[in-house]
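Student: Numbering (my numbering), first residue to last: -12 to 365. Don't be surprised by glycine CBs; every beta carbon is placed ideally from N, CA and C.
1. Between which two residues does the beta strand (DSSP E) containing residue 48 stretch?
2. How should residue 253 be labelled, buried or exposed, when 16 other C-beta atoms within 10 angstroms of its C-beta is the threshold for buried?
3. Measure the CB-CB distance between residue 293 and residue 191 and report whether it falls below 7 Å.
4. Let me know the secondary structure DSSP gives residue 155 once reduced to three states.
5. Report the rounded CA-to-CA distance for residue 202 versus residue 328, giving the unit in angstroms.
6. Whose CA, out of 314, 323, 351, 349, lies closest to the CA of residue 340?
7. Contact criterion: CB-CB distance below 7 Å. Does residue 294 meet it with respect to chain C?
8. Under a Cβ-count criterion, where at least 16 other Cβ atoms within 10 Å of its own Cβ denotes burial, should residue 53 be classed as buried or exposed?
9. Distance check for residue 67 and residue 162, CA to CA, integer angstroms please.
10. With residue 112 as the anchor, note down where its alpha helix (DSSP H) starts and where it stops.
11. Is the distance from the Cβ of residue 266 to the Cβ of residue 238 below 7 Å?
12. When we look at the beta-carbon of residue 356 and count the other beta-carbons within 10 Å, is it buried (16 or more) or exposed?
13. Please report the straight-line C-alpha distance between residue 122 and residue 112, rounded to a whole angstrom.
14. Does DSSP put residue 357 in a helix, in a strand, or in coil?
15. Can the beta-carbon of residue 186 be found closer than 7 Å to that of residue 50?
16. Whose C-beta lies closer than 7 Å to the C-beta of residue 257 among residues of the same chain, with five residues either side of it excluded?
17. Can you tell which of 260, 189, 169, 249 has the C-alpha that lies nearest to the C-alpha of residue 224?
18. Just the C-alpha distance for residue 269 and residue 227, rounded to the nearest angstrom, thanks.
19. On a CA-only basis, which of 99, 146, 75 is nearest residue 85? Give me that one, please.
20. With a threshold of 6 Å (Cβ to nearest heavy atom), would residue 320 be considered close to the ligand FMN?
21. Relative to the C-alpha of residue 41, which candidate in 324, 55, 231, 199 has its C-alpha closest?
22. From the DSSP output, read off the bridge partner residues of residue 255.
23. With distances taken Cα to Cα, identify the nearest neighbour of residue 35 among 100, 28, 349, 276.
24. Beta carbon of residue 236, beta carbon of residue 43: below 7 Å?
25. If you follow the beta strand (DSSP E) that residue 243 is part of, which residue opens it and which one closes it?
26. Does the Cβ of residue 97 have 16 or more other Cβ atoms within 10 Å, making it buried, or fewer, making it exposed?
Shown next as structure tokens:
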């Protein structure tokens, strides 16, 4: 009986061993998870910083009348591109034309009065020599002549003012630009305080942004040090404009203004860059990113931003070593370069950085790496 139990125990043990060995063998023979890896290499990049900015037009002019009157015509459509001097709006001219006619008539009357007083004064000069009139009478003739001359000058000024007012009824573009939607309609009464529309000139387009005092001082010190050490002026800083979509504007900008003081409340200084904008592609009021490049290339290890992970200990990369084992590598990152990021410390040239398939693996496990191309920095 005991022998029967012994045999049964041995059989059960063999069966259990066989069952436990089968999954282990299957796990050992299972294919390794596949991941995409990028072999880290030094890339030539330009040192850059990014700042949030707002686009501004070169000119934003309020179109206002200089006289009062009813609007009779808008000669340019809303949104039209105009040149300096183009006729934009026209006010009713009937009253103004009447004022010109009245001023001309007054001028003619004053001219006639001056002619008469001049003749009388001339006769008086002849008569006073003969003793026919007194000096007091002569003084009166001179006074009337001088009054007539003053009246004529006043009439000329009044005619000039009336003529100008008539001209002001035709409202012309003071500069090139794009006309906004009009704020008025035909038949509206217009006064000098009325803003009929805005005329915006956006070529060049400006982008203003705030840079920290620390960053500004650092850039300036580095530039001055290079001048002292090398005796040469470093390349000018280059401005690039990035839209909210991530696209980069195809024209570089130049820095044309740095404020003359630091804002004490924010510790920043206002800087402005100018970009050519002949087709009006960039509109005023857009929120954009200004990329400031030093113009000097440097060599750095760059990886896709999506490969960088972070936990409580800091940022890290997952590396696939020569034994196909996944390693965790703490790193120090630098500037963003488009969709990529500079790795300042913790990464060596030739390391296989895992950039895709991260969800399939864990630290210490094995994986099969497939080479991948790093995306371009732009």
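Tutor: Let me spell this out:
1. 29 to 51 is the extent of the beta strand (DSSP E) around residue 48.
2. Residue environment analysis places residue 253 among the exposed positions, since fewer than 16 neighbouring C-beta atoms fall within 10 angstroms of its C-beta.
3. no
4. helix
5. 20 Å
6. 314
7. No chain C appears in the structure shown, which is made up of a single protein chain.
8. exposed
9. Roughly 13 Å between the two C-alpha positions.
10. 81 to 117
11. no
12. Around the C-beta of residue 356, 16 or more other C-beta atoms lie within 10 Å, and the residue is accordingly described as buried.
13. Cα to Cα, the separation comes out at about 10 Å.
14. strand
15. Result yes, Cβ atoms of residue 186 and residue 50 sit closer than 7 Å.
16. 195, 197, 246
17. Nearest neighbour of residue 224 by Cα position, chosen from 260, 189, 169, 249, turns out to be 260.
18. If you draw a straight line from the Cα of residue 269 to the Cα of residue 227, it comes to about 13 Å.
19. 146
20. Questions concerning the ligand FMN fall outside what the structure shown contains, since it holds no ligand whatsoever.
21. 231
22. 199, 250
23. 276
24. no
25. 241 to 245
26. buried
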